[in-house]
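Take a look at the structure set out below.
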Amino acid sequence: LGRTVKELEIGDEKPFEKTLFSMCTPDVASYMKQKNKEFDTAIICGIEAHACVLQTAIDLLAQNKRVYIVADAVSSRSLTDRMYAFDHMRQAGAFLTTFESIVLQLTQDAGHPKF
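Residues 1 to 115 in the UniProt record's numbering are what the sequence shown spells out, letter by letter.
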């Protein structure tokens with residue numbers, strides 16, 4: 001649906017062009033399979049909580065993935081849309097968390113070199 005922030009680009013990785021709101025597109029699935037990227041947990045942040053973030057979360061939950069939504073890294077043009085999208089995702093089985101909380105879960109120890 002178009003690029004947003006140049007600073008979020010990752011090295012040589014190219015963004016996926018899409019018209020679906022969900023990131024669970026055939027191109028992404030093919031890329032993950034080609035790169036042998038099996039996963040059981042997804043951490044999601046993004047723009048338009050009620051569209052792209054919500055539909056990606058729902059699709060991943062349908063694939064029996066564990067889904068974490070980084071609430072303070074998700075936005076919408078409307079606070080109401082954001083609030084109801086969070087409620088929908090939580091009821092569907094996603095875990096809402098914060099950036100700091102997810103970083104602490106990933107590092108697990110104050111002695112971690114990335115802490």
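A virtual CB, placed ideally from N, CA and C, is assigned to each residue, including glycine.
Asked: Which residues DSSP lists as bridging Ser-75, in chain order; Found: Ile-47
Asked: Coil, strand or helix - Phe-95 by DSSP; Found: strand
Asked: Leu-60 versus Ala-71 - alpha carbon distance; Found: 17 Å
Asked: Enclosing alpha helix (DSSP H) for Pro-26 [first to last residue]; Found: 26 to 34
Asked: Inter-residue spacing [alpha-carbon to alpha-carbon] between Ile-10 and Ala-92; Found: 30 Å
Asked: Closest residue to residue 116 among Pro-26, Arg-66, His-50 (Cα-Cα distance); Found: In the structure as shown, the chain starts at 1 and stops at 115, and residue 116 therefore has no counterpart that could be examined.
Asked: When Thr-56, Arg-82, Asp-109 are compared against Ser-22, the one with the closest alpha-carbon; Found: Thr-56
Asked: Candidates Ile-44, Asp-27, Glu-13, Gln-34, of which the one nearest Phe-86 by Cα; Found: Ile-44
Asked: Local Cβ density within 10 Å of Arg-77, reported as buried at 16 or more and exposed below that; Found: exposed
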